[in-house]
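**Student:**
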Amino acid sequence: MDRSMDNFWSTSEDELLHKLEASRYGLTSIEARQKLDIFGLNTIKKMSDFFFLLIKLEIL
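So for the sequence shown, this note's numbering puts the first residue at 3; every next one is plus one.
(1) Counting along the chain, where does the alpha helix (DSSP H) carrying residue 29 start and finish?
(2) Reducing DSSP to helix, strand and coil, say where residue 18 ends up.
(3) Specify the secondary structure class of residue 33 as computed by DSSP and reduced to three states.
(4) Which of helix, strand or coil does DSSP assign to residue 59?
(5) Note down the Cα distance separating residue 34 from residue 16, rounded to an integer number of angstroms.
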């Protein structure tokens, strides 16, 4: 079993938000635009699909 996920579940919300470079209030429209410019819409969509699949398969 992969133990790398154990650390994720024990990480505090504030630490996760810091690692994700996000605030608990979400992104401003300027920040969202910058993320889209950096990562592109297709990349974000693919990541979203991947995580949905993991949840659907009950891997997460």
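Note that CB positions come from ideal geometry on N, CA and C, so glycine has one too.
**Tutor:** So, from the listed chains and residues:
(1) Taken as a continuous stretch (DSSP letters only), residue 29 belongs to no alpha helix (DSSP H), as it is neither H nor E.
(2) helix
(3) helix
(4) coil
(5) 20 Å
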